[in-house]
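To start, the structure itself, in structure tokens.
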Amino acid sequence: MSASGKTRLPGRDALRDSVLGGDLVFLLARANALTLAAANAALAEHGLKARSYSVLALAADGVRPTQRELAEFLRLDPSQVVALVDGLEQRQLVERRTDPADRRANVLVATDAGRDLFARAQQAARAVELGLLAPVTPEEHERLAGLLRLLAFPD
250 MSASGKTRLP GRDALRDSVL GGDLVFLLAR ANALTLAAAN AALAEHGLKA
300 RSYSVLALAA DGVRPTQREL AEFLRLDPSQ VVALVDGLEQ RQLVERRTDP
350 ADRRANVLVA TDAGRDLFAR AQQAARAVEL GLLAPVTPEE HERLAGLLRL
400 LAFPD
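Those letters in the sequence shown? Residues 250 to 404, per the working numbering, in order.
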């Protein structure tokens, strides 16, 4: 308690030095929350959020994913992917096309407008990444990316 009789709230440093400050799951979740907030703010000027940007990125990259592949890769419920693709399709940024390897499935392909928007949005996303990673060296950046890939793709 302070001299005024009120319980003192922990300061920022005390919270940072708490048990959670060394908990990897918490640190990853906090870094993710900060990253998503910054990315969504930067992508908003392009009418995108991190999830729709991710779908557009994969379509623009030419990998021609199915919606099922998108759901598995992005770790989203298939219904969420349908809504994301529907939104991008309404904006004429992506198209669903029949998969030549399996006519029962559709693959996602970016339109010219989608590729153009992705190129602009990618610059905004990269600027966020560089801003968030300003405190680390380029070598640490590469190391962090490698470690995160190991965690994100364990198989």
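Ideal Cβ positions, reconstructed from N, Cα and C, are used throughout, including at glycine.
DSSP state of THR284, grouped into three classes?
Here residue 284 is taken as the residue at index 35 of the sequence shown, counted from 1. In the displayed model, THR284 falls within a helix according to three-state DSSP.
Run through DSSP, which three-state label would VAL274 get?
Position 25 of the sequence shown, counted from the first residue, corresponds to residue 274. Looking at VAL274 - three-state DSSP - the assignment turns out to be helix.
Alpha carbon to alpha carbon, how far is SER267 from GLY260?
If you number the sequence shown from 1, residue 267 lands on position 18. If you number the sequence shown from 1, residue 260 lands on position 11. C-alpha separation (whole angstroms): 11 Å.
Cutoff 6 Å; reference ARG346; Cβ partners in own chain excluding five residues on either side
For the purposes of this step, residue 346 is taken as residue 97 along the sequence shown, with counting starting at 1. VAL356, VAL358, listed in sequence order.
Through-space distance from LEU277 to PHE402, alpha-carbon basis
Residue 402 sits at position 153 when you count from the first residue of the sequence shown. Residue 277 sits at position 28 when you count from the first residue of the sequence shown. Using only the alpha carbons, I get a separation of about 15 Å.
Do ALA288 and VAL343 have their C-beta atoms within less than 8 Å of each other?
Against the sequence shown, residue 288 aligns to sequence position 39. Against the sequence shown, residue 343 aligns to sequence position 94. No, they are not a contact pair.
Please state the DSSP three-state secondary structure of MET250.
Taking the first residue of the sequence shown as position 1, residue 250 is located at position 1. Summary for MET250: the model assigns pLDDT 46, below 50, so the residue's position carries little reliability; its value from the coordinates is reported in the next sentence. Correct three-state label for MET250: coil.
Under three-state DSSP, which class holds LEU342?
Mapped onto the sequence shown, residue 342 falls at position 93. The answer is coil: DSSP assigns LEU342 none of H, G, I, E or B.
Quick one: Cα of ARG369 to Cα of LEU381, how far?
What you label residue 369 is simply residue 120 of the sequence shown in a count that begins at 1. What you label residue 381 is simply residue 132 of the sequence shown in a count that begins at 1. Those two C-alpha atoms are separated by around 19 Å.
Please report the Cβ distance between SER301 and LEU337, rounded to the nearest whole angstrom; I am assuming they are in contact, meaning their Cβ atoms lie under 8 Å.
Here residue 301 is taken as the residue at index 52 of the sequence shown, counted from 1. Here residue 337 is taken as the residue at index 88 of the sequence shown, counted from 1. Right, the Cβ-Cβ distance comes to about 6 Å (below 8 Å), so this counts as a contact.
Can the beta-carbon of GLN372 be found closer than 8 Å to that of THR360?
Residue 372 sits at position 123 when you count from the first residue of the sequence shown. Residue 360 sits at position 111 when you count from the first residue of the sequence shown. No, Cβ-Cβ distance for GLN372 and THR360 is not below 8 Å.
Nearest-angstrom Cα separation, counted from ASP404 out to LEU379
Working through the sequence shown from its first residue, we reach residue 379 at position 130. Working through the sequence shown from its first residue, we reach residue 404 at position 155. The alpha-carbon atoms of LEU379 and ASP404 are separated by roughly 28 Å.
Taking just the CA atoms, how far does ALA350 sit from LEU269?
Here residue 269 is taken as the residue at index 20 of the sequence shown, counted from 1. Here residue 350 is taken as the residue at index 101 of the sequence shown, counted from 1. Cα to Cα, LEU269 sits roughly 48 Å from ALA350.
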